[in-house]
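What follows is a set of notes on a single structure, which appears directly below.
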Amino acid sequence: MGALTHSSLVEYLLEESYEVAETIEAGHPDSELLGELGDVLLQVVLHARLAEERGAFTFDDVARGLAAKMVRRNPHVFRPDGSLQEAFPATVEEIVRKWDAVKRAERPERQDPFEGIPDAMPALAKAQKSLDRAARAGVELPPAEAAPETEEKLGELLLAVVRSAHAAGFDAERALRGAVRHYQQGIRPDQAGPDTAPS
């Protein structure tokens with residue numbers, strides 16, 4: 286096996302992450318989830334070790350950075366010293382509003398609601414993330430179709446759409462990625478309300 290690099294490890298990080306998702310969604314026992322989470326953590330350790338070898342940062346730096354970000358971005362949960370608050374927000378909506386306000390304060394120059402969504406994200410996940418960001422930013426959403434009654438029916442509908450695309454010679458992943466890109470490009474930062482959040 287050749288020398289490990291961040292690039293050469295990407296496929297394993299993605300694979301291990303998908304295995305965690307599969308373990309959760311399939312309802313496998315906690316013992317399997319424990320093992321799969323360990324595999325993801327190993328990927329983090331390997332990336333941190335590579336960074337340490339070139340003098341960039343260490344695993345401890347990663348852990349400290351995460352802890353500091355959690356405290357900073359969750360003032361409704363933590364005091365500045367990291368201790369827990371005595372009372373917590375009553376609703377998820379309030380938590381989301383506080384989270385978004387802290388993120389905006391951290392990056393006031395960020396006007397694009399889609400900034401930070403990875404281009405490499407699978408198209409369906411990217412579409413869902415983009416719509417969530419747009420709704421939270423208060424920008425115009427694309428037209429919606431009537432939703433099926435259940436998630437199972439939704440899955441069947443999506444599979445049928447992919448089958449139809451395949452029969453017509455289209456690449457469903459590429460088509461959706463293009464539609465998401467077109468939607469994002471049609472949204473201008475000045476359309477976003479400064480303090481809009483879901484109700």
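With positions in the sequence shown counted from 1, the corresponding number in this note's numbering is that position plus 285.
Ideal placement from N, C-alpha and C gives every residue a C-beta, glycine not left out.
Quick one: is residue i buried, meaning 16 or more other Cβ sit within 10 Å of its Cβ, or exposed?
i, result
"K411", "buried"
"P398", "buried"
"P382", "Inspection of the sequence shows that residue 382 is occupied by Arg rather than by Pro. Buried, since its Cβ has 16 or more Cβ neighbours within 10 Å."
"H313", "exposed"
Return the residue from the list the options that minimises the CA-CA distance to residue i.
i, options, result
"Q413", "V295, K388, R462 and S293", "R462"
"P403", "S415, R389 and R392", "S415"
"E300", "L322, H313, T290 and A311", "L322"
"Q328", "R421, L294, P428 and A460", "L294"
"E400", "L439, L319 and Q469", "Q469"
How big is the Cα-Cα spacing for residue i and residue j?
i, j, result
"R395", "H467", "20 Å"
"E379", "A386", "11 Å"
"V330", "L351", "14 Å"
"K438", "V446", "12 Å"
"G367", "A408", "37 Å"
"L335", "R349", "18 Å"
"A419", "A460", "20 Å"
Tell me where the alpha helix (DSSP H) around residue i begins and ends.
i, result
"G320", "D315 to E338"
"H291", "H291 to E310"
"S449", "E436 to A452"
"G471", "A457 to G471"
"V362", "Here V362 belongs to no alpha helix (DSSP H), and DSSP marks it neither H nor E."
"I380", "V377 to E391"
Quick one: what does DSSP say residue i is sitting in, helix, strand or coil?
i, result
"F344", "helix"
"L426", "coil"
"A288", "coil"
Indicate, with yes or no, if the ligand SAM has a heavy atom lying under 7 Å from the CB of residue i.
i, result
"A288", "Inclusion of the ligand SAM in the displayed structure is not the case, the ligand content being empty and no account of it being possible."
Does residue i get closer than 8 Å to chain D when you measure Cβ to Cβ?
i, result
"G471", "Protein chains in the displayed structure number just one, and chain D is not present."
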